[in-house]
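A.B. asks: Under this note's numbering, read the sequence shown as residues 6 to 211, first letter to last.
Before I ask anything, let me first share the structure, which is written out below as structure tokens.
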Amino acid sequence: MSPTLSPNPKPQPLIWINGYPGTGKLTIAKYLVEQLLEKSKAMLIHNHILLDPIYRRFGDAVEPADVDRIRQALREGFFRNYVRNEGMMDRVIVFTDYKENTPSGLSYARGYKHAAESSGRGFLPIYLTIDYDENMRRGTRDDRTSGGRTKAATLEVLKEIRGRGEPYVFEDVEGIHLDVTSLEAEEAARRLLGEIEGWCVRRSKG
């Protein structure tokens with residue numbers, strides 16, 4: 006039985022998927038959106054939609070602080086056009102991201118929560134975890150390191166990212182945690198659908 010996200014047609018939730026590069030966030034999110042569309046409309050805004058234009062315009066030499074500033078401005082446009090847009094309230098909005106447990110990561114992550122709350126949407130964070138060795142394997146596959154993509158896919162970059170700390174987790178918001186180390190993307194999406202259904206039931210009663 007496919008999950009019903011909300012007993013009411015409006016507003017549908019904002020789902021934020023956070024996890025290290027190389028966990029399969031984008032592929033899992035695509036499966037998730039495709040399956041959600043069986044019962045409800047959904048829209049995926051993945052982090053590469055925000056990152057790719059920046060690196061195409063400025064190249065790899067762009068400063069991290071500038072990336073964050075431009076990315077935040079682009080994200081605000083998506084919030085305005087999709088999350089807060091009255092005509093889009095019947096659509097589930099799914100974002101993928103990687104934000105670590107640092108002051109800047111916290112600030113950026115809180116922006117998703119604020120956008121959901123200011124639009125009357127529920128906010129559901131999903132945290133994908135993965136074993137270190139499997140993360141290295143997935144992150145350096147040929148399909149991630151070719152084609153000029155802006156994915157943080159090299160072994161060196163992945164090690165540096167993981168060395169900076171854990172992904173950010175909201176302590177004051179109910180979320181879903183899933184270890185995807187031994188899961189294919191489709192199976193991970195299927196498990197998430199069940200968890201999302203339970204979250205929606207609890208929210209409708211609360």
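Glycine included, C-beta positions come from ideal geometry on N, C-alpha and C.
Compare the C-alpha of residue 25 against each of 60, 144, 57, 63 and name the closest.
C.D. replies: Ranking 60, 144, 57, 63 by Cα distance to residue 25 puts 144 first.
A.B. asks: If you run the structure through DSSP and keep just helix, strand and coil, what is residue 51?
C.D. replies: It is coil, neither helix nor strand.
A.B. asks: Under a three-way DSSP split, which group does residue 15 fall into?
C.D. replies: Reduced to three states, the DSSP call for residue 15 is coil.
A.B. asks: Along the chain, which unbroken stretches of the alpha helix (DSSP H) at least 4 residues long are found entirely within the segment 103-188?
C.D. replies: You should have 108-123, 137-144, 147-150, 160-168.
A.B. asks: Go through its chain and collect everything with a Cβ distance to residue 191's Cβ below 6 angstroms, but skip five positions before and after it.
C.D. replies: Excluding positions up to five away in sequence, the list reads 36.
A.B. asks: Buried or exposed for residue 106, going by 16 or more other Cβ atoms inside 10 Å?
C.D. replies: Classification for residue 106: exposed.
A.B. asks: Within 10 Å of its beta-carbon, does residue 38 have 16 or more other beta-carbons around it, so buried, or fewer, so exposed?
C.D. replies: Classification of residue 38: buried, given that the 10 Å Cβ count is 16 or more.
A.B. asks: Since residue 23 sits in a beta bridge, which residues does DSSP pair it with?
C.D. replies: BP columns for residue 23 point to 102, 132.
A.B. asks: In angstroms with no decimal places, state the Cα-to-Cα distance between residue 164 and residue 58.
C.D. replies: Taking the straight line from one Cα to the other gives about 25 angstroms.
A.B. asks: Taking buried to mean at least 16 other C-beta atoms within 10 Å of its own C-beta, is residue 128 buried or exposed?
C.D. replies: With 16 or more other Cβ atoms within 10 Å, it is buried.
A.B. asks: Since residue 33 and residue 100 are thought to touch, with beta carbons under 8 angstroms apart, how far apart are those beta carbons, to the nearest angstrom?
C.D. replies: Incorrect: roughly 13 angstroms between the Cβ atoms, too far for contact.
A.B. asks: To the nearest angstrom, report how far apart residue 88 and residue 54 are at their CA atoms.
C.D. replies: Computed Cα separation, rounded: 16 angstroms.
A.B. asks: Can you list, in chain order, the residues of its chain with a C-beta nearer than 6 angstroms to that of residue 171? Leave out the 5 residues immediately preceding and following it.
C.D. replies: So the qualifying residues of the chain are 106.
A.B. asks: DSSP three-state label for residue 85, please.
C.D. replies: Residue 85: helix per DSSP, three-state reduction.
A.B. asks: Which of the three DSSP states is assigned to residue 97 in this structure?
C.D. replies: If DSSP states are grouped into helix, strand and coil, residue 97 belongs with the strands.
A.B. asks: Taking all protein chains shown into account, do 16 or more other C-beta atoms lie within 10 angstroms of the C-beta of residue 204, making it buried, or fewer, making it exposed?
C.D. replies: Its Cβ being crowded by 16 or more others within 10 Å, residue 204 is buried.
A.B. asks: Count the other CB atoms within 10 Å of the CB of residue 120; is the residue buried (16 or more) or exposed (fewer)?
C.D. replies: Per the 10 Å Cβ criterion, buried.
A.B. asks: Report the rounded CA-to-CA distance for residue 206 versus residue 118, giving the unit in angstroms.
C.D. replies: In a straight line, the C-alpha of residue 206 is about 20 angstroms away from that of residue 118.
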